[in-house]
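Presented below is the structure to which this report refers.
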Amino acid sequence: MDEITLSKMKLLMISGDRSILRGKKGAFWYTLEEFHKEWDRIDIICPRVIQEMHPMEGTSRFGNVFFHPLSPRDPFPKELDTGEGDGAPG
């Protein structure tokens, strides 16, 4: 029987949780600790925290989990923009 090759699995999450960016291990941390084993890459769009507290923008956790904190002025993380239009249906 032929071996099935699966394409890379990526997950994009939107979260309001700031605890990981502050260096805390809460419920979201433990969820990602398990999720990172099942996905090749996880990108998380989240609110920005005060930089002096714990700067983690664009950093990786677990090797394949990346945070993209936004300020109210940022419309969308540039590194996630595919250039395929504005994303609006129709």
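Counting in the working numbering, the sequence shown tops out at residue 90, every number present.
Ideal placement from N, C-alpha and C gives every residue a C-beta, glycine not left out.
The structure presented is a predicted model; accordingly, all values stated were derived computationally and were not measured.
Taking buried to mean at least 16 other C-beta atoms within 10 Å of its own C-beta, is residue i buried or exposed?
i	result
residue 14	exposed
residue 55	At residue 55 the pLDDT is 48, less than 50, meaning the model places this residue with poor confidence and gives no usable figure here.
Give the secondary structure of residue i by DSSP, where H, G and I count as helix, E and B as strand, and everything else as coil.
i	result
residue 61	strand
residue 73	coil
residue 18	coil
Does the separation of the CB atoms of residue i and residue j fall below 9 angstroms?
i	j	result
residue 20	residue 32	yes
residue 11	residue 48	no
residue 36	residue 16	no
residue 66	residue 43	yes
Who does residue i pair with in a DSSP beta bridge?
i	result
residue 13	44
residue 28	For residue 28, which the question treats as bridged, DSSP gives no partner whatsoever.
For a test of your reading of the model: does the CB of residue i fall under 8 angstroms from any non-hydrogen atom of the ligand FMN? Yes or no.
i	result
residue 18	Ligands displayed in this structure: none; no statement on the ligand FMN is therefore possible.
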